[in-house]
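I have placed the structure first, in the form of structure tokens, so that the comments after it can refer back to it.
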Amino acid sequence: MKRLIEITLRKNLKNSEKPKFSVFSNGKIFFIVLAILCTSSLKAQFIRAGQESRQNRAEAEQPVKNDTVPGISDSLQVVVGGIQTTIKYYAEDSIITKLLTNQTYLYGNAKIEYGNIKLVAERITIDKNKNELMATGIQDSLGNWVGRPIFQDGPDIFDTEEIRYNFETQKAIIKGVATKQQDGHLRGSVVKRNADQSAYIKDGKFIPCLDDPDAGTYIKSSKIKINPGKNVITGPFLLYVGDIPTPLGLPFGYFPDTQESTSGILFPKYGDERRRGLFLKEGGYYFAWNDNIHTAVTADYYSKGSWATRIRSVYKQRYKFSGQFDLTYNRNITPDYEVDALDSKDFWVSWSHRPDSRGRNGRFSASVNAGTSTYNQNNLGTVNLQNNIRSEFRSNVQYSGVIPRSPFSYSFSARHNQNVQTGIIDISLPEMSLNMNRVYPLQNSDIDLLKRFNFGWRFNASNQITNIVRPGSAGFQIANKAEANDTIAVGFDTLGELLDNAKNGARHNIDVSTSFSALTYLNFSPSFQIEELWYLEELQYEFLEDQNAVRIDTINGFSRSMTYSAGIGMTTQLYGMFNFKRSRRVEAIRHIMTPSVSFSYRPDFSDPKYGYYQLVQTDTTGGGRFRLLSKYDGFRFGTPSLGESAALGFSLNNKFEMKVKSDTAKSEKVALLESLNLQGSYNFLADSFRLSPIQITARTTLFDRKLNINMGATLDPYAYLPETSEGVTTLRPVDVLAIRSGQGLGRITSARFSLSTNLNSRASAPMGGGGRFGGESIGVGDFGGDGFGNNNENEYGSLNDGGGALAAQMGEYFYDPNAYVDVEIPWNIRLSYDYSYRWTPTNQVTRQSVKAHGQVALTPKWQITYNTGYDFFEKEFTTTSIGLYRDLGCWEMRGNWIPFGAFTSYTIDIQIKSSVLKDLKISRRRSQFENNRGGFSSF
């Protein structure tokens, strides 16, 4: 039988009508206080019918007896803030209400539920006279506590020893609080909460170990006061290691406690560097402008005069975009009496913008890496070695989109390519493209030839600015231009010269094609292409006999050229099968051939009727030599092709498979040779060397796809004969096939061969299984995959570490294999061997190298990573590094050693795993560039 029990509590809505902050923001450290407030600030009036009320009053006049309702669950309608709501309660053993003392007892796995809030305890007591709620556990026969109060609010769970709460004063006393946080465990012996939600904690302890709540490493303070949404004030606190207090602590602490990010000072790091002296690094100020953008402004200063400044910003607009921007300026200067004195000014800009284009027609993205050519050389670092050894940096800023309800798409972009070794910079600004997807105007036709008829259109416009001045492909003396490449210094004073050297133009492409089948097995695909080039200038040539050179003038004005070509292709597939006897394990071998033949025709656009070429005398030798020179030589999109072409292209792709009996009833298909491709072309109208070089490629895998093999070669089919000039004998090609002159099928002018494998202790795991070192065969050092997918919940917090985790830490883990530890794989090794060969009539070069990287788990807590290689051509090791990782429970140790080479160094870091104490660490670093004496990082 369900019964309703009337308990009248005093109404106090003064605070319950206001929105509340959690006791601990950033982790809800003492959310239990808020939870009890939510349950206890209820103004509860248990409503019942008038008849039942009169019955209870009559019972109250009789001798006192208890009303016991065993093992029931029920709910009460209460009024909270003028709104009627429901509280559910349950007791597994019994619910006892003493009407005379106005006390209600819930025994045996008692539960109270209100919304997302749940309270479970072995015993819960409600005292109406004192307006108090108390929840406790009990001791069993062995003296062990069972049924201690457990409070849950959503995903947060809190263990306590005792909860006592006053409804009228809204004060609470909680004993023995223990809760698991994101980065550790929090405990307090006694917590006292006031009506204004402030709280006092006695013997507070934070244990930064998720897997060990009883670890000996913790931060302890005897007194803590919490003002929710404002601050946390502590008395003296110390760091304990192995339950032993350390000198690391402060007499008091003041910490902002707010849901919003705040601005503040970034304390610098200290150290000593051999070349630039004592330093203070990365000190500055952190600006939390709003919820969408944060900025850190830092500076470095060295005792010998060098300094640097840096601006780092991260921004994010939910469901729209996110990104980061980094600008660094370094002024390296040391006294003149130094043997290796420094005097340089360098800057570097890095910008990354990632859009969220869901439901949008336009998309803006950016990836920028640019700066002075000497930045990486003058600012060497051992964290990101990849930047120190890279010679090229590329940037791309692009806005692209589609035009709704049309086949058109567009893009506007700016591109940058910088070679820090040669100093050559190419900037394409702006670039524009407008494309039309293929349109099938006759798709409703019943004839396949017409049904598959389609056409497409592409338009590209570009302006390229470069600091290299090229004389073009002249090969003769030029009267008014340099004969060799020259470079222009990049600066504001040379901006006009750079713009004059810019190349710009536009290009149209129209493709018309269709396809059809004939004789059942043959597929034909005819096509027709038109290309038109637009330029704002053209070249004019004049031979100067007195200088025996050609003068090249630039004529400004709109100029265009149109070229066209037509072709048809045919392809099919052939199958060959060789069956073995049924008693054999190998059942059959299948050979799949895919031959393709194409024919294309292109007219000779050097014909005078087109006007794209000019016949020019280039010198006076032998009565004068004449050449056809294009008036678009060296322009942005090139020049119309020279010479008539009627070419027959051919290719043959082969695949070999084997059918093998397996241990089960089914047969398995094994690839013997995944691809063997040969291709080339023959130009019927060429005056010489009509057959093009033959390209040969092959690819396969062995041992259950654990060994990848790739190879390729270029075969020149023509003969070479010796030629002696000025006492030097060289080989020159002649227009005779090598097979006709007894030189075999031809000469291999280039070849490559590579092997790669990924081995690990999980021998049964197929190659490419999901790990850091899995996936398809890649070159050593190419760490692809999605290890860094921008899932950082606190995307702004990483700025406030003085080390720029967005630009440095993620780069460290991406580029440095030793920074990654997969504790689930006892050992892993990736090996690769690369061979390349290149031959020219005057020289031949052969290069070989072997590379290896991986990791070994000596024990479950010891990991070693390595990355090395050997170049047989240079006869030296590639950049070699050895990494060490040790799991120390709450702590971890990381070490990295580069034993030789340009970046010889070692680093050792011992730090707490918890991210909230990530700056508490001991570091030791030494390289040829730095003498860091180590020490404790500030915390």
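Going by the working numbering, the first residue of the sequence shown is number 45, and it counts up by one from there.
Beta carbons: idealized from backbone N, C-alpha and C, even for Gly.
key: Rounded C-alpha distance that separates Leu-964 from Lys-274   = 25 angstroms
6 angstroms CB neighbourhood of Leu-692 in its chain, flanking five on each side removed = Phe-643, Tyr-726
query = Mind checking Gln-241: buried by the 16 CB within 10 Å criterion, or exposed?
reply = buried
Under 8 angstroms between C-beta atoms of Ser-457 and Asn-440 = In this structure, Asn-440 lies closer than 8 angstroms to Ser-457 by Cβ.
message = Contact defined as beta carbons within less than 8 angstroms: I believe Cys-934 pairs with Ala-216. What is the distance between those atoms, to the nearest angstrom?
response = Going by Cβ atoms, the distance from Cys-934 to Ala-216 rounds to 31 angstroms, so no, they are not a contact pair.
task = Give the secondary structure of Phe-649 by DSSP, where H, G and I count as helix, E and B as strand, and everything else as coil.
result = Correct three-state label for Phe-649: coil.
ask   = What's the call for Ile-469, buried or exposed, on a 16-neighbour Cβ count within 10 Å?
value = buried
request  = Helix, strand or coil for Tyr-330, going by three-state DSSP, please let me know.
outcome  = Assigned with DSSP and collapsed to three states, Tyr-330 falls in strand.
request  = Note down the Cα distance separating Ser-450 from Gly-682, rounded to an integer number of angstroms.
outcome  = 31 angstroms
request  = Confirm, please, whether the CB-CB distance from Glu-576 to Ile-599 is below 8 angstroms.
outcome  = Result no, Cβ atoms of Ile-599 and Glu-576 do not sit closer than 8 angstroms.
ask   = Does DSSP classify Ser-10 as helix, strand or coil?
value = Absent from the structure is residue 10, since the part of the chain shown begins at 45 and ends at 983.
ask   = Is Val-594 closer than 8 angstroms to Thr-538 when the C-beta atoms are compared?
value = no
Rounded C-alpha distance that separates Ala-715 from Asn-567 = Taking the Cα positions, Ala-715 is about 26 angstroms away from Asn-567.
ask   = How many Å lie between Val-867 and Ala-901 at the Cα?
value = Note on Val-867: pLDDT 46, under 50, position unreliable in the model; the coordinate value appears next. Between Val-867 and Ala-901, the C-alpha separation is close to 7 angstroms.
request  = For Leu-618, collect the residues of the same chain with a Cβ closer than 6 angstroms to its Cβ; drop the 5 residues on either side in sequence, then sort them by chain order.
outcome  = Excluding sequence neighbours, Leu-618 sits near Met-637.
task = Keeping to the same chain, check which residues put their C-beta closer than 6 angstroms to that of Arg-354; ignore five residues upstream and five downstream.
result = Thr-342, Thr-372
ask   = Taking the runs of the beta strand (DSSP E) that are 3 residues or longer, which of them lie wholly in the stretch 735-781?
value = DSSP runs (the beta strand (DSSP E)) wholly in the stretch 735-781: 738-746, 751-760, 762-769, 772-781.
ask   = For Asp-760, is the classification buried or exposed, using 16 other Cβ atoms within 10 angstroms of its Cβ as the cut-off for buried?
value = buried
query = From which residue to which residue does the alpha helix (DSSP H) around Lys-495 run?
reply = 492-495
ask   = Can you tell me whether DSSP reads Tyr-419 as helix, strand or coil?
value = In the three-state reduction of the DSSP assignment, Tyr-419 falls in the helix class, which pools H, G and I.
key: Nearest residue (CA-CA) to Asp-256, options Phe-944, Thr-951, Leu-932, Arg-970   = From the listed residues Phe-944, Thr-951, Leu-932, Arg-970, the smallest Cα separation to Asp-256 is found for Leu-932.
query = Smallest Cα separation from Arg-192: which of Asn-210, Ser-506, Asn-173, Ile-168?
reply = Ile-168
query = Just how far apart, CA to CA, sit Asn-413 and Trp-392?
reply = 7 angstroms
key: Residue interval of the alpha helix (DSSP H) (run including Leu-539)   = 539-544
Short CB-CB distance (under 8 angstroms) between Asn-940 and chain D = Chain labels in this structure do not include chain D; a single protein chain is all it has.
ask   = Going by C-alpha distance, which of Thr-145, Asp-184, Lys-142 is nearest Gly-152?
value = Asp-184
task = Would you kindly work out how many angstroms separate the C-alpha atoms of Glu-205 and Thr-223, rounded to a whole number?
result = 12 angstroms
query = Expressed to the nearest angstrom, what Euclidean distance is found between the alpha-carbon atoms of Val-446 and Leu-473?
reply = 21 angstroms
message = Going by beta-carbon coordinates alone, are Trp-395 and Phe-369 separated by less than 8 angstroms?
response = yes
ask   = With distances taken between CB atoms, is the gap from Glu-993 to Lys-705 smaller than 8 angstroms?
value = There is simply no residue 993 to check, as the chain begins at 45 and stops at 983 in what is shown.
message = Please tell me whether Leu-583 and Ala-523 are closer than 8 angstroms, where the distance is taken between their beta carbons.
response = no
ask   = Beta-carbon separation of Leu-722 and Ile-738 under 8 angstroms?
value = Going by C-beta atoms, Leu-722 is nearer than 8 angstroms to Ile-738.
ask   = Relative to the alpha-carbon of Asp-597, which residue among Met-606, Arg-604, Glu-586, Asp-590 has its alpha-carbon at the smallest distance?
value = Glu-586
inquiry  = Taking the alpha-carbon of Ser-711 as reference, which of Lys-703, Glu-718, Leu-717 has the nearest alpha-carbon?
reply    = Distance from the Cα of Ser-711 is smallest, within the candidate group Lys-703, Glu-718, Leu-717, for Lys-703.
message = Residues in the same chain with beta-carbon distance under 7 angstroms from Leu-729, minus the five sequence neighbours each way, listed in chain order, please.
response = Glu-688, Ser-689, Ala-690, listed in sequence order.
query = Closest by CA to Ser-347, which one among Ala-332, Trp-333, Arg-375?
reply = Among Ala-332, Trp-333, Arg-375, the Cα nearest to that of Ser-347 belongs to Arg-375.
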